[in-house]
Each structure stands twice: as structure tokens, then as C-alpha cells.
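All residue numbers in the sequence shown are consecutive under the numbering used here, ending with 901. Structure record follows, encoded as C-alpha cells.
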Amino acid sequence: MLQSLSSRNALFLGAAACVSSLPGVYSEVRQVSLAIDSPLDIGEQDETELLGHGAARFQGLVHKHFAGTRGSTQGTAEATEGHVLQHFGTSAQPRNDVVTRTTHTGVSDEIKSAFGSACAGFLLFLFAFPLLWGNESRQAKMWRLFGRARKIVVSDVAKCDDNNDRRLVHVPGVTSTEDVLKDKEGFGITLNGGCLALTREVEMYQWEEKSESKSQDDNYGGKDTTTTYYYRCVWKSCAIDSSSFQEKAGHENPKFPSEFSGSFDEDNSGVLYAPKVSLKDFRVPKPLLTRLVTATKSKPVVVPGEGARKAAGRTWYTTSSLDSAEKGEWLCTDTSAEPQVGALRVRYTKTECGPCTVLGVQSQNSFVPLEAGFKTDAGDETRVAPGSVPPLEEPLLQKGSADAGVQKIGIEPSDVGQNAGCMTIFCRVCGAVSGFVSNFGTSVFEVSNETLSCKAIFEQAEGAQNSIHTLLQIVGFLMLFGGLQMTFSVVPALFRVIPFVGTWIQLFGNLIATAAAFILGCIFWCTTVALAWFAVRPQYAAALLGGGVCVFAAITAASKLAA
């Protein structure tokens with residue numbers, strides 16, 4: 339029988355030799371041959387099945403290179419209409435797929451794309467100015483606000499005192515609550531007091547698509563782009579829309595179940611907060627509570643036993659193999675090594691009460707923010723005037739809310755008018771962007787999950803504001819630099835019409851455009867930031883303007899020397 343196998347194996351190798359000029363075919367066929375020639379103790383029926391499998395695999399290889407038709411043998415490539423689908427694994431439902439597609443664009447398409455990028459880059463460049471201006475205006479407001487706040491703060495407040503009403507207070511202590519937190523629609527998880535929040539994480543096992551592209555210029559100004567799409571199954575807390583996948587067949591995701599989207603929490607965030615949390619005699623408002631819970635490390639909740647789960651109508655299983663034990667134990671509908679697509683898992687964590695420090699304006703027995711530009715009583719400079727105190731229970735950073743110091747900023751149709759020109763609309767939009775940035779979060783309203791001194795919590799607040807300021811400065815510079823680079827790159831793209839050398843000319847032209855965009859971006863950035871600071875800190879503004887002038891002078895001198 340083994341001799342018969344060897345003779346049939348020779349037929350496979352002989353057939354492979356006929357197509358040995360095709361890359362990859364001979365090596366794959368030889369793998370089939372070696373598998374068939376292995377000294378296994380098989381019966382006559384098994385021999386027939388093995389030879390049939392080898393013949394089918396060889397036929398799929400030949401079809402792949404000659405006809406380009408789609409094969410059905412698992413573990414082989416399938417080629418059809420310019421794309422290749424590769425399955426990895428031998429399970430009935432593969433968990434990792436790769437799809438490759440190649441597209442070609444002509445020289446006219448590349449030039450059109452360059453013009454479109456130039457238009458987008460020009461708008462990006464223009465909107466960088468109101469962003470930078472608003473950011474520096476905001477920093478100037480916060481610089482003044484922190485200076486005034488340090489002078490009027492009442493530190494180390496031990497209890498709620500009516501004499502401190504409408505004063506900026508610093509309250510260190512320990513939070514407490516007696517509220518019961520319960521998941522009524524899940525597994526009946528109950529926390530009997532002592533916890534700030536109960537968090538429920540629900541995830542579904544579903545397909546995820548990721549892609550990477552590689553482009554190569556041809557000799558006539560066009561471009562070939564090969565995009566590889568990777569598909570794998572992952573646990574995600576939100577539904578992934580598989581209708582937008584490039585390869586939809588075999589990668590369909592079910593809808594996220596609605597059984598866990600009930601009244602667990604008010605804002606559908608998956609976090610159930612305690613209604614009443616106390617800090618000494620004060621009540622911690624919801625805006626500070628959410629920030630406190632986010633900053634505090636949560637602990638896992640012990641899941642109910644199997645009997646309790648069945649009583650709740652959910653025969654889910656516990657497993658620790660899908661996640662680290664430190665994060666708590668998951669309850670899963672499928673605990674196998676490769677769950678089915680659509681499997682669910684849920685985990686509960688709790689945030690316990692602990693050390694806390696609050697910096698805010700006392701309003702009755704709670705806290706509100708200290709707004710930028712606040713006014714004080716005529717006879718007491720440490721007490722905020724009634725008109726400068728925002729109302730209690732307003733959501734923090736809500737649009738148009740006095741809580742966040744954010745005025746209602748935007749463009750109403752009546753403000754623009756029916757016959758307004760494009761320039762008027764553009765100016766209104768720039769004003770809205772600058773106004774929104776300059777008024778966003780301009781208040782002193784801090785919370786920490788540690789017991790901090792008054793000086794330390796001020797440093798924490800200033801550090802957070804400086805981080806936002808620096809981040810927006812970087813974003814503004816990137817908008818200037820990127821917008822100019824995209825605008826300038828349209829000129830080198832025109833040279834793509836020259837065969838063979840056009841793409842090389844474009845490459846060197848793009849390098850020049852990038853250098854010019856970087857230099858001009860630095861000059862525009864320094865000028866904009868300096869002008870925004872002239873009214874508040876003229877020395878700082880003069881230093882920035884001097885830096886911009888030095889950069890411009892150095893470039894001019896270098897160009898003259900080169901000439």
C-alpha cells in the first residue's frame with residue numbers, strides 16, 4: 339500500500355514539475371506530497387480520502403494561478419476579481435482572515451486628489467488662528483483666576499459653616515454614603531453602602547476590521563495601492579457595524595443585545611452612582627463625583643453563585659482565563675477557547691469611599707465652581723457676589739451652563755442673516771471657534787482622591803490647565819504646519835504628468851514644501867501667540883515676537899549667503 343502511495347506521490351511531483359515556473363506552486367504541492375508519503379498506518383478507505391484531499395488541494399493551487407477562480411479548500415488562498423482571501427486555521431469558523439485588494443489611479447486622479455488636499459489644508463491653516471488665539475485668551479483668564487483664587491481661599495475647612503457660604507473653600511476628608519446600589523436587570527448585584535459607584539461592563543465577541551495600505555508609483559504618474567484588510571474576533575463593549583466591511587461574507591456581526599441597556603444608570607454610561615455622597619458635612623455634587631470615580635481605582639465585585647444566577651434567569655458561567663484576575667471575574671455565555679461570534683460577557687466593579695479633597699465655592703451644603711471674571715461683595719472681597727455664583731445641580735461643562743463657565747457660543751441663523759456673504763459667515767465661524775475655546779472650562783472646581791493640602795490641590799489644578807494649554811498649542815501648530823504643507827504640495831503634484839521622472843520631481847518638491855511649511859508655521863505660531871498675550875503679559879509677548887523675528891532674519895541671511 340505504501341508503494342502505491344509513493345507511486346501516486348510521484349504523479350503529484352510530476353504534475354508539479356509542469357507548473358514549477360509558477361512561484362509558490364511547486365513548494366505547496368511538495369508539501370501535499372510529503373504529507374501523503376508519510377509512513378502512516380492507514381487503511382484503504384483512509385488512503386482514498388487522503389489522496390482525494392491531496393488532489394483537491396493541488397487542483398485548487400492550479401486553479402488559483404491559471405483561472406483565478408475561488409477555491410473552497412481551507413488553508414489555501416482564494417483569488418477572485420483582484421483580491422485574495424486567506425483563511426488561517428482549520429476550525430469551522432476561522433478567527434483570523436486577511437483580504438488584499440489592489441486599486442490603480444491615473445495621473446489625473448492624483449492631481450485632483452492633490453487639489454482637494456490643498457483646499458482642505460488651506461481651511462485647516464485658517465482655522466488654526468482662532469484656535470490659537472482662543473487658547474491663549476483662555477490661558478490668560480486662568481492665569482488671572484488662579485491668582486485671585488489663591489488670595490481668597492479658606493483652607494482646611496472642618497465643617498459646613500454658613501459663614502463660608504459663597505466663599506472658595508478647601509475641604510479635605512473622607513467620603514461616605516449609605517446608599518444601596520443594585521443592578522436590577524442583570525444578576526441582582528447589590529452593594530449595601532460604602533461605595534461611590536457600581537460599574538457594569540458588557541462586551542460582545544465580534545469581528546473587527548483593520549487595514550494597512552502600501553502605494554507604489556508607476557512610470558506614467560499613476561499609482562498602485564494595495565490595501566490589506568485584517569479580520570479578527572475581539573471582545574468589544576460597543577457594537578461594530580460589519581456592513582461597512584470590505585469583505586462582508588463570513589464576517590457578519592449580530593446586533594448588540596438590548597437586555598443590558600435598561601435603567602441601570604441615568605446616562606447609559608454603565609456606571610451607577612450613589613445618589614448622596616458626603617464629605618464631612620458637605621454633599622459632593624454629581625460633576626465632582628464622576629471625576630472622583632474616574633480617578634479612583636475600582637475593585638472587583640464577587641459574582642453571585644450558580645444558584646443565584648439561575649434564579650435571575652441567566653445561566654452564564656464564570657471564567658478567569660479571558661482576563662486577569664485582578665480586574666474581576668467575567669460572567670460569560672461561552673467559556674470555550676474560541677467563543678462563537680455574538681457571545682456575551684459581563685463584569686462588575688465597585689468604587690469604594692475613601693480620601694478626598696475638594697476645592698470649590700461653598701453653596702449651602704455643597705460646592706459650585708469659581709468662575710473666571712467673578713465679582714465679590716462690596717464689603718467683603720473674599721465672598722463671591724450672588725450673581726457670580728452658578729446654581730446648584732447644573733451639569734459640569736454642559737453647553738451653555740454657568741457651571742462650567744461656558745457661555746452660549748455658536749452661530750444662530752438670525753445672527754448671520756439671509757444675505758450674508760461668505761466672508762461674513764467665515765468670520766462668524768472663526769469668532770465662534772475662538773470664543774468657545776477661550777471660555778471652555780474657565781473655572782476653579784477641583785477634586786482629588788487623596789488628602790491634599792491647599793497648595794497641593796492648587797498645583798494640581800494649575801498643572802491640569804497647563805496641560806490643556808500645551809496640548810492646544812501643539813494642535814494649533816500642527817494645523818498651521820500641516821495646512822501649509824498640504825497647500826504647497828499641489829505644485830509638485832503637477833509634475834506627475836512627466837513620464838518616468840515626474841514622481842521623482844514631486845518627491846523633491848514635497849521636501850521643499852515641507853521645509854517651507856515648517857518655517858512659516860513657526861513664524862505664524864509665534865506671532866499669533868504673542869499678539870494674544872500683549873494685553874496681559876507684554877514681556878512674554880515681546881519675547882515671542884522676538885523669536886519669530888530671529889527665525890525670519892536667520893532664513894533671510896541664509897538665503898543671501900546661498901545666493
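Virtual Cβ for every residue (Gly too), placed ideally from N, Cα, C. Note that the structure is predicted; figures quoted are calculated from it, not measured.
Residue i - partner residues in DSSP beta bridges
i: V591; result: Here residue 591 is Asn; the residue named in the question, Val, does not match the sequence. Looking at the DSSP assignment, N591 forms no beta bridge with any residue, so it has no partner.
i: Q544; result: V572
i: L682; result: M542
i: D555; result: K561
i: Y611; result: A535
i: Q700; result: F705
i: T513; result: L617
i: H508; result: L697
i: P638; result: T687
i: K522; result: Looking at the DSSP assignment, K522 forms no beta bridge with any residue, so it has no partner.
i: L669; result: T656, V684
i: L818; result: Paired residue(s): none; L818 is not in a bridge.
i: T443; result: K561
Environment of residue i [buried if 16+ CB atoms lie within 10 Å]
i: C670; result: buried
i: M761; result: exposed
i: P724; result: exposed
i: E797; result: exposed
i: P707; result: buried
i: S581; result: exposed
i: K688; result: buried
i: S776; result: buried
i: G717; result: exposed
i: A896; result: exposed
i: I795; result: buried
i: V641; result: buried
i: T428; result: With a pLDDT of 33 at T428, under the threshold of 50, the modelled position of that residue is not reliable, and no figure is offered here.
i: W654; result: buried
i: N787; result: buried
Own chain, CB closer than 6 Å to residue i, minus 5 neighbours either side, in chain order
i: T825; result: A456, G459, F460
i: Q554; result: D562
i: I843; result: F833
i: G413; result: Interpretation of G413 is limited by its pLDDT of 35, a score under 50 that renders its predicted location unreliable; the figure taken from the coordinates is listed afterwards. Same-chain partners within the cutoff: there are none.
i: T865; result: G886
i: P592; result: G680
Contact set for residue i: own chain, Cβ-Cβ below 7 Å, skip 5 residues either direction
i: A855; result: F819, L822, Q823, F826
i: Y558; result: V445, P837
i: E800; result: F484
i: A405; result: For A405, the predicted structure reports a pLDDT of 37, less than 50, and the residue's modelled location is therefore unreliable. A value from the coordinates is still provided. Answer for A405: no residue qualifies.
i: S514; result: S616, C691
i: E474; result: V867, A870, W871
i: F815; result: G859, W863
i: Y878; result: W871
i: V639; result: I527, G666, Y686, T687, K688
i: D715; result: R721, A723
i: D447; result: none
Proximity of residue i and residue j at Cβ, strictly below 9 Å
i: G698; j: F705; result: yes
i: L610; j: L536; result: yes
i: T808; j: K479; result: no
i: H589; j: Y568; result: no
i: E308; j: I578; result: Nothing in the structure corresponds to residue 308, since the chain is present only between 339 and 901.
i: F467; j: M542; result: no
i: V631; j: L534; result: yes
i: R488; j: S701; result: no
i: K614; j: D517; result: yes
i: G524; j: F602; result: yes
i: V839; j: A452; result: no
i: V491; j: V622; result: no
Residue closest to residue i, alpha-carbon to alpha-carbon, out of the options
i: V782; options: S726, G532, I527, S772; result: S726
i: L617; options: D672, C691, Y686, K574; result: C691
i: L810; options: W471, V437, G454, F453; result: W471
i: N703; options: C694, F620, V640, T628; result: F620
i: F890; options: A879, G560, G859, A870; result: G859
i: L883; options: I857, G814, L869; result: L869
i: Q544; options: K574, I812, D517; result: K574
i: G511; options: F583, T789, G847, F602; result: T789
i: T695; options: E448, A900, A496, R476; result: A496
i: V507; options: A900, V722, L832; result: V722
i: I850; options: C888, I861, P830, R476; result: P830
i: L940; options: R505, R538, D503; result: Residue 940 lies beyond the stretch modelled for the chain, which goes from 339 to 901, so this question has no answer here.
i: R476; options: P876, D517, S772, D447; result: S772
i: V767; options: L469, K450, G454; result: L469
i: S607; options: P592, T628, A681; result: T628
i: L529; options: K637, F846, A881, V684; result: K637
Closer than 9 Å to chain B by CB, residue i
i: T789; result: Looking at the structure shown, chain B is missing, and only one protein chain is on hand.
Residues near residue i by beta carbon distance below 8 Å, same chain, minus five either side
i: V754; result: Residue placement at V754 is flagged as unreliable, the pLDDT there being 40, under the threshold of 50; the coordinate-derived value follows with that caveat. Taken in chain order, the residues that qualify are T762, I763, R766.
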